[in-house]
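**Q**
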Amino acid sequence: MIRTCTLTGQPFEIRQEDLKFLEEISPVFQGKKYPLPAPDLCPTARMQVRLAQRNERFLYHRKCDLSGKQIISCYSLDKPFPVYENDEWYSDKWDGKEYGMEFDFTQPFFEQFGKLRARVPRLARILEKPYENSDYCNTASQVKNCYLLFSSNQNEDCYFGSWVNQCRSCVDSLNVENCELCYECVGCRDCYALRYGRDCIGCRESFFLRDCQGCSNCFGCTNQVNKQYMVFNAQKTKEEYKAFLKGVNIGSYSEMEQAKEKIESLLGDPIVKEYHGTNLEHCSGDYLRNCRNAYRCYEANNIEDCSYCQCLQNCKTSMDQSYWGQGTELIYFTQACGYNCYHILFSNICWSECSNLLYCDHCFSCRNCFGCVGLRKDEYCIFNKQYSKEEYGKLAGKIIGHMQKTPLRSPSGSFAGYEWGQYIPPSLSIYAYNETLAQEQVPLTREEVLKRGWLWLDEEEQEKQYMGPPFEQPDTIDGVTDSICNRILHCKATGKPYKIIPQELKFYKQMNIPIPRLHPDERHRRRLQLRNPRQLWERECAKCGKEIETTYAPERPEIVYCESCYLQTVH
């Protein structure tokens, strides 16, 4: 089936497998099934509207509205709802059912849902317990002694990273797993003391590696497997390698910048495999591992029978799910759902053994709830109001019938389907579009966002203030003293001020790494540019001519091989 996306105007395909899944998960109330309609948005637009509900990196100082304590939050001061410090939010000092509303059948569902979302208290930061000494982390779980870590789970002593999982002492990371003492790594796993690595597995004590596996004591290499003492893809003896490394001051910022340029010129355009992934069966997408029947999925591990999903771990039989997982099943059109959740539809940030939720937001350990916000361990609630099991089933079916008849409008004002089966509109997001991950994946201008009726954050110009005398950083880490932690540095690319924290400096000293000259946001932006987009192009293998689908766009310089040709060439 071919449909036209009501957001982009572009045609897209709906597979029979998609329709079968929607039939399977359609909710049943009092013996009647309420079919889920085929989506009106293309897969990219569906991802976009989900991510328009997800702010990771914008943090603000404000006061807890319950205790008055000064806190750090992902919500700016202008938000209409109360914000509670996390321990206060989890306490028994308040109950989300106190904000319960009667459903009004004369008004659209989403309009009423927006009013409820504007009233119920929110967690200051999206953190799942346990967490310790990680006040500047957000959208994370089980973090200890971490700083500016986002979308990350089970980490200790990690700073400045996104999608970092099961790691220790890693700094400036993107999509890394089970790594330790790694720096500026992107798409790496099972690595130790790897610096400046990209798409590497099981590498140790090395520098500037790309697409390497099982390598140790290597410098400036690509497409190497189980190698040792390699320099710029040339084999060296142990003594030659040590002599080479001794001649390179890895703690010098200027020498490391020169090394990056030299590596790019020496290695040229590398041969790359059509996709990034291992142990896959009937899969399409990219950055996948241990997956089966994953269709157009990206950055996922251990998923099965999933379609159009991103950034998941341990998930089964789901569609249009972004972020988290960890024992989830039968999830549809949902963002940030995790830890043993089952049959969650059109929801945002629900975790810890939730089941049978419809259009819920920030609900934890809840079952059989519809249109609820900020509930904990509740059941049979609609718009935060308690009902009996029988009352719940009857009213839920009636609300769905109302949504099936209530139209939505596109940004241009044209008909864009009915409420039932749509995700929470970006116009109801509690964040500005450019605060969210949607801006990273589907960037829009201020004018484009406002034309759609969505929010935009106009960052206030910082007042001119005295920030101390100009500070010229020493070229080498050896020349840096603890006093740098009291200085305000300025990004050499954007001019944005930033600071070095003591534990960060300790890591640089330990690993002999020069102080970064870029603001953390700029470093993150540049790491994102090293990842392929969540989009597939049809191409031919550069060696055998076989037709392939790949995230490498045709105009890119890399030489793209199918998996078979790549393995024959590299291994």
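Here the sequence shown is numbered in our numbering, starting from -10 and rising by one per residue.
All C-beta atoms in this analysis are idealised placements derived from N, C-alpha and C, irrespective of residue type, glycine included.
Model, not experiment: these values are computed from the prediction.
Note down, in chain order, each residue of its chain lying with its Cβ closer than 8 Å to the Cβ of Gly(-2), except the 5 sequence neighbours on either side.
**A** none
**Q** Could you check whether Phe18 and Ala385 sit closer than 8 Å to each other, using their CB atoms as the reference points?
**A** yes
**Q** Which residue's Cα is closest to the Cα of Phe359: Ser307, Leu8, Lys86 and Ile61?
**A** Ranking Ser307, Leu8, Lys86 and Ile61 by Cα distance to Phe359 puts Lys86 first.
**Q** When we look at the beta-carbon of Cys168 and count the other beta-carbons within 10 Å, is it buried (16 or more) or exposed?
**A** buried
**Q** Between which residues of its own chain and Pro509 is the CB-CB distance below 7 Å, once the five residues before and five after are set aside?
**A** Leu137, Phe149 and Tyr487
**Q** On the DSSP letters alone, give me the boundaries of the beta strand (DSSP E) that Glu318 sits inside.
**A** Gln299 to Gly327
**Q** Among all the DSSP beta bridges, which residues are the ones paired with Arg398?
**A** Arg398 is bridged to Phe404.
**Q** Assign Met(-10) to one of two classes, buried (16 or more other C-beta atoms within 10 Å of its C-beta) or exposed (fewer than that).
**A** exposed
**Q** Looking at the secondary structure, which residues open and close the beta strand (DSSP E) in which His630 lies?
**A** The structure shown has nothing for residue 630, since the chain only spans -10 to 560.
**Q** Is the beta carbon of Gln299 closer than 8 Å to that of Gln37?
**A** no
**Q** Using only the alpha-carbon positions, how far apart do Ser241 and Asp179 sit?
**A** 27 Å
**Q** Decide if Gln202 is buried, meaning its Cβ has at least 16 other Cβ atoms within 10 Å, or exposed.
**A** buried
**Q** Return no unless some Cβ of chain B is closer than 8 Å to the Cβ of Pro546.
**A** In the displayed structure, chain B is absent; only one protein chain is listed.
**Q** Do Gly410 and Pro32 have their beta-carbon atoms positioned less than 8 Å apart in this structure?
**A** no
**Q** Is Ser254 helix, strand or coil when you go by DSSP?
**A** In the structure shown, Ser254 sits in a helix (DSSP, three-state: H, G or I).
**Q** How about His332 and Ser341: are their beta carbons less than 8 Å apart?
**A** no
**Q** Just confirm the distance between the C-beta atoms of Pro415 and Tyr422, as a whole number of angstroms; I'd bet it's less than 8 Å.
**A** 7 Å
**Q** Between the beta-carbon of Phe70 and the beta-carbon of Arg106, is there less than 8 Å?
**A** With a cutoff of 8 Å on beta-carbon distance, Phe70 and Arg106 are scored as near each other.
**Q** In whole angstroms, what separates the C-alpha of Lys453 from that of Gly484?
**A** For Lys453, the predicted model reports a pLDDT of 46, less than 50, meaning its position is unreliable; a value from the coordinates is still stated below. If I take the Cα positions, the gap works out to 13 Å.
**Q** Rounded to whole angstroms, what is the Cα-Cα separation between Asp81 and Leu364?
**A** 12 Å
**Q** Between Asn142 and the rest of its own chain, which residues show a CB-CB distance below 7 Å, the 5 nearest in sequence each way excluded?
**A** Ala129, Ser130, Gln131 and Asn154
**Q** Whole beta strand (DSSP E) runs in the stretch 122 to 147 with 3 or more residues, listed along the chain?
**A** The stretch 122 to 147 contains these whole beta strand (DSSP E) runs: 127 to 133 and 136 to 145.
**Q** Measuring straight from C-alpha to C-alpha, what distance separates Gln451 and Ile477?
**A** For Gln451, the pLDDT reaches just 45, beneath the cut-off of 50, and the residue's location in the model is therefore unreliable, leaving the point undetermined.
**Q** Going by the DSSP bridge assignment, what does Pro0 pair with across the sheet?
**A** For Pro0, which the question treats as bridged, DSSP gives the partners Thr(-7).
**Q** DSSP on Trp152, reduced to helix/strand/coil?
**A** strand
**Q** Please state the DSSP three-state secondary structure of Gly266.
**A** strand
**Q** Leu30: buried (16+ other C-beta within 10 angstroms of its C-beta) or exposed?
**A** buried
**Q** Taking all protein chains shown into account, decide if Thr434 is buried (16 or more other Cβ within 10 angstroms of its Cβ) or exposed.
**A** exposed
**Q** Is it buried or exposed, Asn290, if we count other Cβ atoms within 10 angstroms and call 16 or more buried?
**A** Asn290 is buried by the Cβ-count criterion.
**Q** The beta strand (DSSP E) that contains Thr211, what's its start and end?
**A** Phe208 to Thr211
**Q** Just how far apart, CA to CA, sit Met219 and Tyr120?
**A** 41 Å
**Q** Of all the options Leu507, Gln310 and Cys330, which has the alpha carbon lying nearest to the alpha carbon of Tyr412?
**A** Gln310
**Q** Do you know how far the Cα of Arg506 is from the Cα of Gly402?
**A** 46 Å
**Q** Would Pro110 be called buried (16 or more neighbouring beta carbons within 10 Å of its own) or exposed?
**A** buried
**Q** In the structure shown, what three-state DSSP assignment does Arg435 receive?
**A** Reduced to three states, the DSSP call for Arg435 is helix.
**Q** By Cβ distance below 7 Å, which residues in the same chain neighbour Pro97 in space, the five residues on each side in sequence not counted?
**A** Excluding residues within five positions, the ones whose Cβ falls inside 7 Å are Thr395 and Glu408.
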